[in-house]
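J.:
Protein chains: 2
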Amino acid sequence: MSTKKFLLEENEIPTSWYNIQADMINKPLPILNPGTKEQLKAEDLYPIFAEALCQQELNQTDPWIEIPERVRDLYKIYRPTPLVRAYELEKALDTPAHIYFKNEGVSPAGSHKLNSAIAQAYYCKEQGVTNITTETGAGQWGSALSFAAKVFGLELAVYMVKVSYEQKPYRRMMMQTYGAQVIASPSMSTKAGRKILTENPNYPGSLGCAISEAIELAISTPNCKYTLGSVLNHVSLHQTIIGLEAEKQMEKAGEYPDIVIGCFGGGSNFSGISFPFLRHNLLHGTKTRMIAAEPSSCPKLTRGQFRYDFGDEAGYTPLLPMYTLGHNFAPANIHAGGLRYHGAGTIISQLKKDNLIEAVDIKQLDSFEAGVLFSRTEGIIPAPESCHAIAAAINEAKQAKIEGTQKTILFNLSGNGFIDLPSYDKYLSGDLQNYALTDADIQKNLDALDK
Amino acid sequence: MSTKKFLLEENEIPTSWYNIQADMINKPLPILNPGTKEQLKAEDLYPIFAEALCQQELNQTDPWIEIPERVRDLYKIYRPTPLVRAYELEKALDTPAHIYFKNEGVSPAGSHKLNSAIAQAYYCKEQGVTNITTETGAGQWGSALSFAAKVFGLELAVYMVKVSYEQKPYRRMMMQTYGAQVIASPSMSTKAGRKILTENPNYPGSLGCAISEAIELAISTPNCKYTLGSVLNHVSLHQTIIGLEAEKQMEKAGEYPDIVIGCFGGGSNFSGISFPFLRHNLLHGTKTRMIAAEPSSCPKLTRGQFRYDFGDEAGYTPLLPMYTLGHNFAPANIHAGGLRYHGAGTIISQLKKDNLIEAVDIKQLDSFEAGVLFSRTEGIIPAPESCHAIAAAINEAKQAKIEGTQKTILFNLSGNGFIDLPSYDKYLSGDLQNYALTDADIQKNLDALDK
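Quick note, the sequences are listed as chains Y and A, same order.
Quick note: the first sequence uses this note's numbering, first residue 5, plus one each step.
Quick note: the second sequence uses this note's numbering, first residue 5, plus one each step.
#1: What does Y:Lys-9 touch in chain A if you count any residue whose Cβ is under 7 Å from its own?
#2: Below 8 Å, can you find three or more Cβ-Cβ pairs linking the region 276-292 of chain Y to the region 324-336 of chain Y?
#3: Alpha carbon to alpha carbon, how far is Y:Phe-310 from Y:Glu-255? Give it in angstroms, no decimals.
#4: For the region 93-105 of chain A against the region 369-388 of chain A, do three or more pairs of beta-carbon atoms, one drawn from each stretch, fall closer than 8 Å, so that the two count as touching?
#5: Which same chain residues end up closer than 8 Å to A:Arg-74 when comparing Cβ atoms and leaving out the 5 residues on each side of it in sequence?
#6: Does the beta-carbon of A:Pro-433 have 16 or more other beta-carbons within 10 angstroms, so that it is buried, or is it exposed?
#7: Return the chain-ordered list of same chain residues with a C-beta closer than 7 Å to the C-beta of A:Pro-51, the five sequence neighbours on each side being excluded.
#8: For Y:Ala-188, which of helix, strand or coil comes out of DSSP?
#9: Measure from the C-beta of A:Gln-180 to each C-beta in chain Y and report whether the shortest distance is under 7 Å.
#10: Can the beta-carbon of A:Ala-54 be found closer than 7 Å to that of A:Glu-139?
#11: Within 7 Å of any Cβ in chain A, is that where the Cβ of Y:Asp-424 sits?
#12: For A:Val-165 and A:Ser-390, what's the separation of their Cα atoms in angstroms?
#13: Looking at the structure shown, is Y:His-102 part of a helix, part of a strand, or coil, going by DSSP?
#14: Counting beta carbon pairs with one atom in the region 416-429 of chain Y and one in the region 33-48 of chain A, are three or more of them shorter than 8 Å?
#15: Taking the alpha-carbon positions, what's the A:Pro-18 to Y:Ala-184 distance?
#16: Quick check for students: name the residue ranges of the beta strand (DSSP E) that lie wholly in the region 156-240 of chain Y, counting only runs of 3 or more.
#17: Measuring CA to CA, which of A:Ala-142, A:Glu-14, A:Ile-394, A:Glu-130 is closest to A:Glu-170?
#18: In chain order, what residues of the same chain lie with their CB nearer than 7 Å to the CB of A:Val-456, ignoring the 5 residues before and after it?
#19: Just how far apart, CA to CA, sit Y:Leu-232 and A:Ile-366?
#20: Just how far apart, CA to CA, sit Y:Ile-361 and Y:Asn-416?
#21: For the alpha helix (DSSP H) containing Y:Ala-374, name the first residue and the last one.
#22: What are the uninterrupted segments assigned as beta strand (DSSP E) that are 3 or more residues long and contained completely in the region 236-321 of chain Y, given in chain order?
#23: Which chain Y residues are close to A:Tyr-428, counting only those with a beta carbon under 7 Å from its beta carbon?
#24: Out of Y:Gly-375, Y:Tyr-327, Y:Gly-266, Y:Gln-60, which one is the CA nearest neighbour of Y:Ala-393?
#25: What distance in whole Å lies between the Cβ atoms of A:Met-326 and A:Ser-301, which are believed to be in contact at a cut-off of 8 Å?
#26: Quickly, what does DSSP pair A:Trp-145 with across the bridge? List them, please.
#27: Are A:Leu-87 and A:Lys-117 close, meaning C-beta to C-beta below 7 Å?
#28: If you reduce the DSSP assignment to three classes, tell me which class Y:Ser-433 lands in.
#29: Buried or exposed: which applies to A:Asp-316, given that a residue is buried once 16 or more other Cβ atoms fall within 10 Å of its Cβ?
#30: Taking the alpha carbon of A:Thr-7 as the reference point, which residue from A:Leu-221, A:Ala-161, A:Ala-26, A:His-102 has its own alpha carbon closest?
#31: Please report whether the beta-carbon of Y:Pro-67 lies at a distance below 7 Å from any beta-carbon of chain A.
#32: Taking A:Lys-430 as the reference, give the member of Y:Tyr-174, Y:Ala-113, Y:Trp-68 with the closest Cα.
#33: Rounded to the nearest angstrom, how far is the Cβ of Y:Ala-440 from that of Y:Ala-363, given a contact under 8 Å?
#34: Run through chain Y and tell me which residues come within less than 7 Å of A:Lys-106, C-beta to C-beta.
#35: Please classify A:Ala-444 as buried or exposed, where buried requires at least 16 other C-beta atoms within 10 Å of its C-beta.
#36: Can you list the residues of chain A that Y:Ser-379 reaches, using a CB-CB cut of under 7 Å?
Structural data, given as structure tokens:
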């Protein structure tokens, strides 16, 4: 019998995260103050984020950042995660390709988000912070941070977009079970929320509004910091633990990936699985293809524009150099809520501009078709976000069959789908659809940015 | 940093299950034909179950039953499961006890049930069976069997108690995602169902009714067999993979358990974790305490009677020698649905009668208090069933603190609680309660059996 799961011992958990900025020839462009257009320094971000995280955010020199011992200790709750050879899926596809996946769904909160949540909570605690805030839409980040905050004894307030709060009660329940305070946004607890509710008592909420509430609470509360689960460089940094483990595990499997795939929302899990392998492309001449799989209804990398834009809908953040559909872009209501983001992080954007990574777009129905096939072969019901990576991997495996080549494909299974089962139910009942997006729609939205 | 998870390689997955019947001095009493009161032989069960399973059921001579290679191969999807030292929980309890748990919640269907589902589907397939049936209440068994059936290309019909079908949509969705046909019971697809529906169109269903529908379909359909997820000896046999792995892992941890704990419904997960350690008590003079943790609202081991009784509410099964509250016992509607069963399996019953195992009862509110503490320390939100084992482990750890002794406690975390979050929500909102059960209530129910 052949080995299916390639495991590591806990003492093989990497001791440093990989900071790809140090190895990039073209560094990410600076982030700017929207008023003065001046380049921001780490200190400018101190009022919002923990200092160590601000320094990590702008560190373009050190390729390795040591993982604090307490963080590694907590990683052991679920790390190292398994690397799995998908034999049953290969058989169903009748492909010569070898398909591997890294299973981040074994994390207790159900996704890779805990990798950065533990780190961010740690640095906040170290700095003497007592309270943290964040916003959450689909809820994977909020759930992970709720557990991390509890472990470090931090009080956490999560602003959850009101419509998600009502439609996704399981996510709210998970955060509350971990002990977080969950507030439907807009709320009466902030000026921003009160203003919106006064004007429109039935406003369903938005990520932009939830971000501004969370930031307002952070800067108006003593010993309180704001945290974010994707897009930013320090988040990608923490997620490299995924690829660094996978690198050791592929070695145990006696293979090296020709293709590395991750689903793509703001970039955290794709960065995590791909950067450690991209390092060898940058430094050692390997030619592994890195493929970001984004939803066709939110195609910033495949059809967006590289330019300065805000990271949030309301325009409260610094200006970021990114591939974007425009911060005012309203993505269709697909079930992969974690991929409904208008822009890509600054590192990913620069790498895409320099053709060092690729991107593909996946239609909603194709993503669920892939997810159901994966469930019925490998047994794991994937998060709708992860279904995009699976669909891209299946496409590559089918291509390998056509070409008759034995490709080695690695994708990241970013999360499990236990609490996303209603979306599978809708798919199997024929109640889901694809969403068309014309070039004119995209251009119109981008043109609005310049007005 | 100390090791938290003790892992095994796939080639360390045990190659045989352990059949404790062979090592018991007092064997379980025979099961009887309810009409003739004659002892049943394996052949008498062939019309209902796969032949290999009937033979395993009554095998009192072979201590080791080889695990077929294909079953071991599929076990590798999630096995070996981790053995985890619960350092964070120990710290919260400030106990000198060392607490370990075996994490069966990493199974893709979310619980230990897959251990027997894969085996049962395998033996059915080997025998040329094409269709299988089962019933499910809480849904963990139905979910696991749905995946196992799909992998072996078997058509599966699951009769799900109608009230659960309506109240637990996530479980139904999971089974359908795996490709099973799920029928709310009572249904119009069987004589038994039609009869009930004709008499009472609004009948909410019961496990007894679902069992009779599933058995009727199995015996009236060519190439169709019935399967069961707990209570029976062959199910306990398959579950011993849990304890056999744990035995190797405790050795890696350099410890041996003083106490082994599992929650108790029909007995499958408790048997699984405890029998391999009990073997050393029986054969080698160790004195590990084995504790079955049952809900105080369904206390067959702590307050039931040892006697012959039916395995199902409606009285369709053979007569089983068991600790029972009476097959007509209607347990309170606690959230640990998997523990709402009136009797204990015949092996467990004999072991309890011979004082070779212990039992404790846990109140519903205490079980959730334990589950929330575990979530906030170890990160994993446990299934409500598993919370009973955690509560019992916490009680033993507190006792160790009082006595100032360093006990080594091992419990089985039989499943995760992702799709049971509404029960946590109710607990945290103060909407759950304990259920009192007087001796008179129990006696009245048992007396009715003799009428």
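C-beta atoms are modelled at their ideal positions from N, C-alpha and C, and glycine is treated no differently.
T.: Taking the coordinates as given:
#1: Along the first sequence, read from residue 1 onward, the residue named residue 9 of chain Y stands at position 5. Neighbours of Y:Lys-9 on chain A, chain order: Glu-14, Lys-80.
#2: By the Cβ rule, the region 276-292 of chain Y does not count as touching the region 324-336 of chain Y, because fewer than three pairs are nearer than 8 Å.
#3: By one-based count along the first sequence, residue 255 of chain Y stands at place 251. By one-based count along the first sequence, residue 310 of chain Y stands at place 306. Straight-line Cα distance between these residues: approximately 36 Å.
#4: yes
#5: Here residue 74 of chain A is taken as the residue at index 70 of the second sequence, counted from 1. Answer for A:Arg-74: Tyr-126, listed in chain order.
#6: Mapped onto the second sequence, residue 433 of chain A falls at position 429. The sequence as given places Ser at residue 433 of chain A; Pro does not occur at that position. When all chains shown are included, A:Ser-433 counts as exposed.
#7: To locate residue 51 of chain A, count along the second sequence from 1; it is residue 47. Same-chain partners within the cutoff: Ile-223.
#8: Against the first sequence, residue 188 of chain Y aligns to sequence position 184. Note: Y:Ala-188 maps to strand in three-state DSSP.
#9: Locating residue 180 of chain A in the second sequence gives position 176, counting from the first residue. Yes, A:Gln-180 counts as interfacial toward chain Y.
#10: On the second sequence, position 50 is the one that residue 54 of chain A refers to. On the second sequence, position 135 is the one that residue 139 of chain A refers to. For the 7 Å CB-CB criterion, A:Ala-54 and A:Glu-139 do not form a contact.
#11: As a working note, residue 424 of chain Y is residue 420 in the first sequence. No, because no Cβ of chain A sits closer than 7 Å to the Cβ of Y:Asp-424.
#12: In the second sequence, residue 165 of chain A corresponds to position 161, counting from 1. In the second sequence, residue 390 of chain A corresponds to position 386, counting from 1. Those two C-alpha atoms are separated by around 22 Å.
#13: Within the first sequence, numbered from 1, the residue matching residue 102 of chain Y stands at position 98. Three-state result, Y:His-102: strand.
#14: Contact between the region 33-48 of chain A and the region 416-429 of chain Y is absent: fewer than three C-beta pairs spanning the two stretches fall below 8 Å.
#15: As a first step, residue 18 of chain A is located in the second sequence; it is residue number 14 there, counting from the start. As a first step, residue 184 of chain Y is located in the first sequence; it is residue number 180 there, counting from the start. Between A:Pro-18 and Y:Ala-184, the C-alpha separation is close to 41 Å.
#16: 159-165, 185-189, 228-230
#17: Locating residue 170 of chain A in the second sequence gives position 166, where the first residue counts as 1. When only C-alpha atoms are compared, the closest one is A:Ala-142.
#18: Not covered by the structure: residue 456 of chain A. The range shown for chain A is 5 to 455.
#19: Your numbering for residue 232 of chain Y matches position 228 in the first sequence. Your numbering for residue 366 of chain A matches position 362 in the second sequence. C-alpha separation (whole angstroms): 41 Å.
#20: Counted from its first residue, the first sequence places residue 361 of chain Y at position 357. Counted from its first residue, the first sequence places residue 416 of chain Y at position 412. Roughly 16 Å separates the two Cα atoms.
#21: Against the first sequence, residue 374 of chain Y aligns to sequence position 370. According to the DSSP assignment, Y:Ala-374 belongs to the alpha helix (DSSP H) that extends over 368-382.
#22: 263-267, 293-299, 309-314
#23: In the second sequence, the residue the question calls residue 428 of chain A occupies position 424. By Cβ distance, chain Y contributes Met-177, Thr-181.
#24: As a position in the first sequence, residue 393 of chain Y is number 389, starting the count at 1. It is Y:Gly-266 whose Cα lies nearest to the Cα of Y:Ala-393.
#25: Counting from one through the second sequence, the residue named residue 301 of chain A turns up at place 297. Counting from one through the second sequence, the residue named residue 326 of chain A turns up at place 322. About 18 Å separates the two Cβ atoms, so there is no contact after all.
#26: Counting from one through the second sequence, the residue named residue 145 of chain A turns up at place 141. Residue pairing from DSSP leaves A:Trp-145 without any beta-bridge partner.
#27: Here residue 87 of chain A refers to the residue found at position 83 when the second sequence is read from its first residue. Here residue 117 of chain A refers to the residue found at position 113 when the second sequence is read from its first residue. Taking 7 Å as the Cβ cut-off, A:Leu-87 and A:Lys-117 do not qualify as a contacting pair.
#28: For the purposes of this step, residue 433 of chain Y is taken as the residue at position 429 of the first sequence. Coil, per DSSP.
#29: Your numbering for residue 316 of chain A matches position 312 in the second sequence. A:Asp-316 should be labelled buried.
#30: As a working note, residue 7 of chain A is residue 3 in the second sequence. When only C-alpha atoms are compared, the closest one is A:His-102.
#31: For the purposes of this step, residue 67 of chain Y is identified with residue 63 of the first sequence, where counting begins at 1. False, the Cβ-Cβ gap to chain A never drops below 7 Å.
#32: As a position in the second sequence, residue 430 of chain A is number 426, starting the count at 1. Relative to the Cα of A:Lys-430, the nearest Cα in the group Y:Tyr-174, Y:Ala-113, Y:Trp-68 belongs to Y:Tyr-174.
#33: Here residue 440 of chain Y corresponds to residue number 436 of the first sequence, with the count starting at 1. Here residue 363 of chain Y corresponds to residue number 359 of the first sequence, with the count starting at 1. Wrong, their Cβ atoms sit about 19 Å apart, outside the cutoff.
#34: Position 102 of the second sequence holds residue 106 of chain A. Within 7 Å Cβ-Cβ: nothing; A:Lys-106 doesn't reach chain Y, min ~15 Å.
#35: In the second sequence, counting from the first residue as 1, residue 444 of chain A sits at position 440. Exposed.
#36: Locating residue 379 of chain Y in the first sequence gives position 375, counting from the first residue. Result: Thr-181, Tyr-182.
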